[in-house]
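Student: Chains A and B, in that order, give the protein sequences.
Mind the numbering: the first sequence is residues 1 to 202 in our numbering, read in order.
Mind the numbering: the second sequence is residues 203 to 360 in our numbering, read in order.
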Amino acid sequence: MAKKKREVQEINASSMADISFLLLIFFLVTTSMATDKGLSRKLPAPVPEDQKTEKEVEINKRNIMMVLINSSDLLMVNGDVMPINKLKEKAKEFIANPSNSGSLPAKVAEEIPFMGTMMITKDHVISLQNDRGTSYQAYINVQNELVAAYNELREELSRQKFGSAYSELDEDRQKAIQQVYPQRISEAEPKNYGQQNQGGAQ
Amino acid sequence: MAKFRKDGGKKLPAISTSSLPDIIFMLLFFFMTTTSMKEVTLMVDQKMPEATELQKLEKKSLVKYVYIGTPKKEQQKAYGQESRIQLDDQFANNPNEVEKYIATKRAAMKEEDQPFMIVSLKVDKDTKMGIVTDVKQALRNAYALKINYTAMQRANNY
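Encoded structure:
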């Protein structure tokens with residue numbers, strides 16, 4: 001009896017390649033998905049050279065909300081010192097003017113798709129001004145609160161009119177809501193208050 | 203001919219594929235390392251500010267980065283401790299250099315993508331606004347108006 005020498009059977013490793021390919025593809029996809037997050041803003045176009053004189057557009061005082069941040073990160077809104085956690089409510093009240101107050105922005109009737117005629121504070125402006133010594137975190141906090149105010153108002157309107165979240169609406173409906181609450185945050189031309197105060201003999 | 207075939211009756215041994223996974227693993231590691239290496243080496247210290255209303259930045263090819271912060275420890279001897287602007291792998295000496303940087307970056311983009319360029323400002327949270335304002339003015343002059351302030355998600359709200 002000739003005994004055949006039996007070899008140990010090898011484990012089939014051909015599928016290993018597929019598994020690692022799968023891993024490879026997974027990593028390729030996930031690494032490109034890890035995008036940065038941040039606050040998106042749009043800067044105003046530069047002022048042409050020949051118009052650089054101090055010619056400010058007259059805006060009715062009730063339509064403007066002045067937000068100032070000083071070099072020690074303190075906040076002043078329309079002449080009153082305000083802690084940052086109150087800013088959002090204040091901004092919401094200013095943007096929407098729910099009580100039709102005479103000291104808050106004027107409302108204009110406008111035809112909005114899907115919603116008919118709405119009263120809109122069309123000409124409101126939130127004017128943001130900071131000092132050169134303001135810290136970046138304070139600036140971002142204020143920007144964040146203002147954007148949050150708009151986002152909350154839009155969310156509320158979306159729930160009220162369409163019964164679903166703003167992010168789930170189609171593009172046309174989102175545009176309509178943006179028309180009701182247009183984001184109007186203006187950043188004043190930079191001025192150097194902190195240093196002026198230091199230089200000025202007071 | 204037939205004789206030959208009879209002699210070589212043994213089957214050809216299959217080519218061993220056991221090393222294939224290793225090769226692909228090597229590829230995997232290569233891609234894993236290169237994807238994180240793609241960003242520039244930071245020469246400034248950065249701790250992002252925190253915020254809640256964040257939007258994702260999609261389409262990386264449209265995004266150009268400007269970094270601002272205090273130089274890292276190794277760089278402080280040469281560049282001091284003042285906040286500085288980093289463009290690609292170099293420090294800018296002057297905020298006006300941002301303008302030129304944006305112009306070259308824009309020229310390198312595809313023409314149909316140029317109007318959609320977004321500039322991502324990666325700024326350390328302790329930076330003073332002065333330098334940021336200078337950069338913003340330079341961006342305005344370069345007509346790079348879409349910007350994004352990179353921030354981290356904050357869990358709690360005020």
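Even for Gly, the Cβ is constructed at its ideal location relative to N, Cα and C.
Only a predicted model underlies this, so the values are computations on that prediction, with no experimental measurement involved.
Taking the alpha-carbon positions, what's the residue 97(A) to residue 123(A) distance?
Tutor: Cα to Cα, residue 97(A) sits roughly 12 Å from residue 123(A).
Student: Measuring alpha carbon to alpha carbon, tell me which of 292(B), 340(B), 351(B), 333(B) ends up nearest residue 47(A).
Tutor: Of the candidates 292(B), 340(B), 351(B), 333(B), the one whose C-alpha sits nearest the C-alpha of residue 47(A) is 340(B).
Student: Please go through the same chain and pick out, in chain order, the residues whose beta-carbon is closer than 6 Å to the beta-carbon of residue 348(B), but skip the five residues on each side of it.
Tutor: Once the five neighbours on either side are set aside, the close Cβ partners of residue 348(B) are 320.
Student: Using beta-carbon positions only, say whether residue 318(B) and residue 264(B) come within less than 8 Å of one another.
Tutor: For residue 318(B) and residue 264(B), yes; Cβs fall inside 8 Å.
Student: Quick one: complete alpha helix (DSSP H) runs, 4+ long, within the stretch 68-98 of chain A?
Tutor: DSSP runs (the alpha helix (DSSP H)) wholly in the stretch 68-98 of chain A: 84-96.
Student: Going by CA-CA distance only, name the one from 86(A), 90(A), 61(A) that's closest to residue 105(A).
Tutor: It is 61(A).
Student: Where does residue 187(A) sit, in a helix, a strand or coil, going by DSSP?
Tutor: Strand.
Student: Would you kindly work out how many angstroms separate the C-alpha atoms of residue 231(B) and residue 157(A), rounded to a whole number?
Tutor: Near 49 Å, if we compare the C-alpha coordinates of residue 157(A) and residue 231(B).
Student: Based on the DSSP output, what are the partners of residue 323(B) in its beta bridges?
Tutor: Residue 323(B) is bridged to 268(B), 351(B).
Student: Residues of chain B with CB under 8 Å from residue 147(A), in chain order?
Tutor: Here the neighbours are 255.
Student: Taking a cut of 7 Å between CB atoms, which residues from the stretch 8-21 of chain A lie near chain B?
Tutor: So the list reads 13, 14, 16, 17, 20, 21, given in the order they occur along the chain.
Student: Please decide whether residue 282(B) counts as near chain A, where near means a Cβ-Cβ distance under 8 Å.
Tutor: So no, residue 282(B) is outside the interface.
Student: With DSSP collapsed to three states, give me the class of residue 245(B).
Tutor: Residue 245(B) falls in the coil class under three-state DSSP.
Student: Where does residue 275(B) fall in DSSP's three states?
Tutor: Correct three-state label for residue 275(B): helix.
Student: Just checking my contact of residue 246(B) with residue 274(B) at CB under 8 Å: how many whole Å lie between their CB atoms?
Tutor: Between residue 274(B) and residue 246(B) the Cβ distance is about 6 Å, and since that is below 8 Å, they are a contact.
Student: What's the C-alpha gap between residue 42(A) and residue 227(B)?
Tutor: Rounded to whole angstroms, residue 42(A) to residue 227(B) spans 44 Å at the Cα level.
Student: Buried or exposed for residue 322(B), please, with buried defined as at least 16 other CB atoms from any protein chain shown within 10 angstroms of its CB.
Tutor: Its Cβ being crowded by 16 or more others within 10 Å, residue 322(B) is buried.
Student: For residue 125(A), which beta-bridge partners are listed by DSSP?
Tutor: For residue 125(A), which the question treats as bridged, DSSP gives the partners 64(A).
Student: Does residue 233(B) come within less than 8 Å of chain A when only Cβ atoms are used?
Tutor: With 8 Å as the cut-off, residue 233(B) counts as an interface residue toward chain A.
Student: Under 8 Å between beta-carbons, which chain A residues line up against residue 308(B)? List them in chain order, please.
Tutor: None at all; the shortest Cβ gap to chain A is about 15 Å.
Student: I need the boundaries of the alpha helix (DSSP H) containing residue 108(A), first residue and last residue.
Tutor: Per DSSP, residue 108(A) belongs to no alpha helix (DSSP H); it is in the beta strand (DSSP E), 108-112.
Student: CA-CA distance, residue 29(A) and residue 116(A)?
Tutor: Near 44 Å, if we compare the C-alpha coordinates of residue 116(A) and residue 29(A).
Student: Would you mind giving the Cβ-Cβ distance between residue 137(A) and residue 327(B), rounded to the nearest angstrom? I have them listed as a contact below 8 Å.
Tutor: The Cβ separation is near 4 Å, so the contact holds.
Student: Between residue 45(A) and chain B, is the shortest Cβ-Cβ distance under 8 Å, so that the two count as touching?
Tutor: Yes, residue 45(A) counts as interfacial toward chain B.
Student: What is the rounded straight-line gap between the Cα of residue 127(A) and the Cα of residue 139(A)?
Tutor: Those two C-alpha atoms are separated by around 13 Å.
Student: Let me know the secondary structure DSSP gives residue 130(A) once reduced to three states.
Tutor: In the structure shown, residue 130(A) sits in a strand (DSSP, three-state: E or B).
Student: Does the separation of the CB atoms of residue 73(A) and residue 134(A) fall below 8 Å?
Tutor: In this structure, residue 134(A) lies closer than 8 Å to residue 73(A) by Cβ.
Student: Of all Cβ atoms in chain B, is any one closer than 8 Å to the Cβ of residue 140(A)?
Tutor: Yes, contact with chain B.
Student: Straight-line CA distance for residue 16(A) to residue 258(B)?
Tutor: Those two C-alpha atoms are separated by around 36 Å.
Student: Return no unless some Cβ of chain A is closer than 8 Å to the Cβ of residue 318(B).
Tutor: Residue 318(B) does not count as touching chain A.
Student: What residues in the stretch 326-338 of chain B have a beta carbon less than 9 Å from any beta carbon of chain A?
Tutor: Within the stretch 326-338 of chain B, the qualifying residues are 326, 327, 328, 329, 330, 331, 332, 333, 334, 335, 336, 338.
Student: In chain B, what lies closer than 8 Å to residue 134(A) by C-beta?
Tutor: Under the 8 Å cutoff, chain B gives 330, 331.
Student: Count the other C-beta atoms from every protein chain shown that fall within 10 angstroms of the C-beta of residue 301(B), then say buried if there are 16 or more, exposed otherwise.
Tutor: Buried is the call here.
Student: Could you spell out where the alpha helix (DSSP H) holding residue 158(A) opens and where it closes?
Tutor: Segment 136-162, the alpha helix (DSSP H) holding residue 158(A).
Student: Out of curiosity, what's the CA-to-CA distance linking residue 92(A) and residue 153(A)?
Tutor: If I take the Cα positions, the gap works out to 7 Å.
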